[in-house]
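Just so you know, the UniProt record's numbering puts 635 at position 635 of the sequence shown, and the rest follows in order with no gaps. C-beta: ideal position from N, C-alpha, C; glycine also. Input: a single structure, listed below in structure tokens.
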Amino acid sequence: MSKKERARLEAEQAEHHRMELEKERQRKVEEEKMRKVREKEEAERKQVQEIVANKLRKVQLEESYTYLASIREEVRKVLADAKKEREWEQYMRCNGLPNAFDPADLRKYLHIWCENIRDTNEAERNWLLQTNEQSILTQNVNVANLSMESLKLQQPQIGNTYAAKAVEVLGILEEIDEALHDSDVRPSMVEDLNELKMEFRNVLADYIDEFAYKILSNINRDMELNGLLEVSHKFESPVFKTHLFGLRDMPTPQLNPKERAKEDSKHTSIDFPSLGFHLTLPAAVKCHKAAIRGLWISYDHCSDYCPSYDMPYKQENLADLRIISRIEWKKRKEILKAVYEEPKEKKTDSDEDDQTPQDIDVDKIYTEHADELMKKERTKKGAKTLNLSEYDVNMRSHRIVAGVYAIDYLEQPMQDVKIAKKTLLRTVPQPGKLKRKKFYQPYRPPPTPQPGVRRLPEEIEAEIKQMEENLDKLALVSVQLPENVFWFEPPIVCRWELKEETLESDPNFAKYLDRLEKAQQAARERNERSNLDRRTKYVEDFNILDVPQHIPLRAIVTDFVIPKLPDSCSIKISVAEDKRRAAQPTAAAGSGGGKRSSKQKRRLHKMPSNVSLGSIVYETKIPDFLYATRNPLRILKVLDRRNRQCYPYAGTSDSDDLDDYDESDNDVVQNRSTKRKVYMFSSFMKDLDELLESKSPKLQAKLEQELGAGGPTGGPGKQSLQVARSDEPRTVRGEKGEKGKKPAKSKFDSDDEDVDYGNILEVGNYSMVENDKRYIGKWSTRDVHDVKFNEDKLTIQFRVGRLGSFAFAANRYSNVPYQSWELKPDIKNPGTVTFSLTASVVSTEMTITEAGFRVNSLQGGPTQALQEILGLTMSLRKLIKTLRLAAVDLFPEDDAFNYTEGTCEKNPIMESHLYDCIGLLALTHNFSWSRWNLLSGCRMCVLLMREIVEHRRLPNHSTLLVTPLKASVIDTVEVSPVFNPNPVEGMNHYADLYHLGRDQSQPSSRIKQEKMSPILRENVTQLLKSVRPLSFS
């Protein structure tokens, strides 16, 4: 083959190879075009499905909320009847206790109680005056034994009287708490009840102090002698326990300096067996002419005065699932529009075929957006917003348990002195109550050595010796912890620190008090402004001769115009009708009969050419003294079309009102002149104010002249305000005179695109709580040192630099996160539901009935606490209180996510609606925990569900996925390797669990759901909302 032929053959082969490559390229280009077409068609089909689902979701959610509202109305009626029955029983008990919903009755009871205390103290007589030691020397059986020992045995125990009264007052305080949680109580009454609550607590504290004062006032009579000098008195009751210790005032031998120094260096050791603790006082504290009181009270009346007790932010009920689903839909469409439509606008003709929008995961983008919002809202409720100092106990993460202990260093009151056989002299200083002696020993632990710094053994030994000497100056307390509390973790030993003590320890605290006072003053001003805003009515200025249809004329005149009218003057409002109905009498504004036809034309009554106040207000012949005093309850502010305030505003003239009048507010009347008579409402109100302020004869004469001008519809001095309302709806500004074609609506737009939801967030809105509590004190660890906890013996030992009240703060969320939970109907007991919860440490099972909640089992705790409540039916509020007092807090609040780990906070609005739906299906379905729930994000709730039908085999669990947009059964099980959020094949679209359960349930189950007691459903829902198993498991 020649070179030419070989070259031609190679060229042909190269050309053939090039053509093959070109064909392959063309085929790939064609396949790419087909793929883009398919993706576009799939996206459009998916978009159409989402639009259809959005419309269906609106309808279904509206049905769900209507049905839930009807159930809540039934519950409200039942609870209202139960409340009336309870109030009647309280009224008929006739036991002298006050009505907690009546502040006047509470004040009366408090006043009578204080008067009885004073009268009892004044009428008290010492029974020692009746003693006669010689009465035992006779053999006459008719002579009574009047010896001191015999009379002492006959005296009643004084502590029982105080304990019974304390129980009674605590019951009243519980009723006040119930009244404060009642939604029907007015805000003004809430303030009164809070003040009365504090007064009751203060009087109760003084009452218990008075018990100790009476005992210490008669040491020889009421206290037991232990040895030669020591005296003590013990009293125990379920409410409080007290142990008084003191020394008798007896002459002691004079000691030499060496023995005196040895005596002064001794520590005083006191054992309080009834209280469960031992106290060792330092050498500086002596009980000569003094006493030590150990006290335990079962209640905690201090914690709710702490600045950190209340959550700094609370959730606002601004939206429900209907609104947040529309907000999410709107934002998802904005994401799609930004990705698919904006790139098209930037394309040129040359690269139009080359550029295609990339496929994005809208769910992922929106989930990240929701997570950021949730994190931002969660930060508001964190510990940083509480402004806690180094020693403050955070009452949001800890709670006081096992009651409150107190160690008081007291002065001995003056004792009775016997000056004759039947005469005792008592010196009572005023005020006659306990006086506390001061003991304060500051202590600072040695600083931690810097890393890498080497110290000599002598230096370390000297430092340890110095630390032991400083600790020896403090009081040592050893407490045996009670077993009626679950001690999951070592508690925080804290002391109740009063404001004066904080200022003494930390002078910079005064700045905090100043800031707190300013913040509270600002809060009060904001409350006043908010109250003023609620009383303020904003009205857009309008022409009173041609009132637009949207103006509530009757309400405006009734609330703002009539109270401003001078005495003996009145105003008339009438509605102009069509000529065909002119023969009928005019009706008052707001009572114009049925719905008018939209074809009716507006007719204006003829008004005088010089429209003024005298053309509207007319004088009557009714005497002034027959007019009742009228004070406007609300404030009126009139805004012009530029949203400027034109009333009240002195600088605005009538010409400004004419300029601000918008002709587009009213329709053009056919066959009528374009020149219109205008009298703006703001001008009318200004003239009315001037009329009220006018007192001079000249203005009064001018007014009479105007009133005497007369009008065509009334006699001299009597004119009526003739009002013509437009029957057609008001034209929106900006639409009149618009020309041209409206912009084409995007395929990603929906009906929700034009709705402005303001500041409503799809994860819920939280507003700052106004802290208006007066600062009293706080739980602090400032003067508590060297804490040692023995978990095996349940003992704790610590040293304090101050005496006073101290307590143990337990971690509220020791049982969070939950390991599993389950809700199922009780087949053996129809009409009841069983809820099982396995927390981090304890596990419990409860039965939910119409009567309340019953705890069946409580296991896993370190002690046998709460065994007495098993099998008892109680309300949810009482159940929560009982469990929290035992340090078993299974009812986390909204800010618990800031103090726990391993949880996933769900969208609170979506989660709350899901619990409502679960409550509707509680008698027919079994719900339980799923392992996919924790990592599913804030806008997804994953749980297991199955329907339970009697006399049928239990089916397998299905995995339920709930989002703000839909509820579906997904193609995922617990043993699946990956999570698949796609619904099972053939699953229809459901907006929530209520519609899914109703559509997928058996007919017998639907009948059960319809016949379910609304109280039982409410109990199930409230328990789930309190426990929140989906967010904490």
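Helix, strand or coil: how does DSSP classify residue 316 here? strand
Applying the 10 Å Cβ sphere with the 16-neighbour rule, what's the burial state of residue 1029? buried
3-residue-minimum beta strand (DSSP E) runs that sit fully inside the segment 766-809, ordered along the chain: Listed in chain order, the complete beta strand (DSSP E) runs (minimum 3 residues) inside the segment 766-809 are 777-780, 784-790 and 795-800.
Tell me, which residues are paired with residue 480 by DSSP? 795
Among 956, 962 and 395, the one whose alpha carbon lies nearest that of residue 974: 956
Cutoff 7 Å; reference residue 146; Cβ partners in own chain excluding five residues on either side: 130, 131, 132 and 135
Can you tell me where the beta strand (DSSP E) holding residue 411 begins and where it ends? 398-411
From this set, 228, 402 and 383, which residue's C-alpha is nearest residue 395's C-alpha? 383
Other residues of its chain near residue 903: CB distance less than 7 Å, five sequence neighbours each side excluded: The answer, listed in chain order, is 816, 817, 897, 1031 and 1032.
Would residue 367 and residue 939 be called neighbours here (beta carbons separated by less than 8 Å)? yes
Suppose you measure from the CA of residue 1037 to the CA of residue 1027; what does that come to, to the nearest Å? One cannot answer for residue 1037 here, as it falls past the ends of the chain, which runs 1 to 1033.
Is it buried or exposed, residue 909, if we count other Cβ atoms within 10 angstroms and call 16 or more buried? buried
Using the Cα positions of residue 920 and residue 371, report the straight-line distance between them to the nearest angstrom. The alpha-carbon of residue 920 is positioned some 29 Å away from that of residue 371.
Looking only at C-alpha atoms, which of 961, 467, 313 and 291 sits nearest to residue 414? 291
Where does residue 867 land, buried or exposed, given buried means 16+ other C-beta within 10 angstroms? exposed
Which of the three DSSP states is assigned to residue 723 in this structure? For residue 723, the predicted structure reports a pLDDT of 37, less than 50, and the residue's modelled location is therefore unreliable. A value from the coordinates is still provided. Of the three classes helix, strand and coil, the one that applies to residue 723 here is strand, per DSSP.
Considering only C-alpha positions, which residue in the set 971, 977 and 976 is nearest to residue 983? 971
If you count every other CB in all the chains shown that lies within 10 Å of the CB of residue 497, and 16 or more means buried, which is it? buried
Is the separation between the beta-carbon of residue 849 and that of residue 857 shorter than 8 Å? No.
By Cβ distance, which residues of its chain are closer than 6 Å to residue 787, with the 5 residues on each side in sequence left out? Same-chain partners within the cutoff: 493 and 798.
What separation, rounded to the nearest whole angstrom, lies between the Cα atoms of residue 489 and residue 426? 51 Å
Quick test of your reading: residue 308 and residue 386, contact by CB under 8 Å. State the CB separation rounded to the nearest angstrom. 5 Å
Pair within 8 Å by beta-carbon distance, residue 780 and residue 495: Cβ distance < 8 Å, so residue 780 and residue 495 count as in contact.
Whole runs of the beta strand (DSSP E) within the segment 453-531, excluding any shorter than 3 residues: 475-480 and 492-498
My output table needs one value for residue 932: the three-state DSSP class, helix, strand or coil. Assignment of residue 932 by DSSP, reduced to helix, strand and coil, places it in the coil class.
Considering Cα atoms alone, identify which of 263, 306 and 305 is closest to residue 287. Ranking 263, 306 and 305 by Cα distance to residue 287 puts 263 first.
How would you call residue 543, buried or exposed, if buried means at least 16 neighbouring beta carbons within 10 angstroms? buried
Would you check if the distance between the CB atom of residue 1074 and the CB atom of residue 968 is smaller than 8 Å? Given that the chain is displayed from residue 1 to residue 1033, the structure contains no residue 1074 and the question cannot be resolved.
The alpha helix (DSSP H) enclosing residue 919, as first and last residue numbers: 908-920
Own chain, CB closer than 7 Å to residue 463, minus 5 neighbours either side, in chain order: 446
Cα separation between residue 503 and residue 208? Near 27 Å, if we compare the C-alpha coordinates of residue 208 and residue 503.
Thinking residue 876 and residue 1023 are a contact (beta carbons under 8 Å), I'd like their distance in whole angstroms, please. Contact flag correct, Cβ pair sits at about 6 Å.
Assign residue 138 to buried or exposed, taking buried as 16 or more other Cβ atoms, counted over all protein chains shown, within 10 Å of its Cβ. The residue in question, residue 138, is exposed, as its Cβ has fewer than 16 Cβ neighbours within 10 Å.
With 16 other CB atoms within 10 Å as the buried threshold, where does residue 448 fall? exposed
Under 8 Å between C-beta atoms of residue 243 and residue 215: With respect to residue 215, residue 243 sits apart: the two C-beta atoms are not nearer than 8 Å.
Let me know the secondary structure DSSP gives residue 233 once reduced to three states. strand
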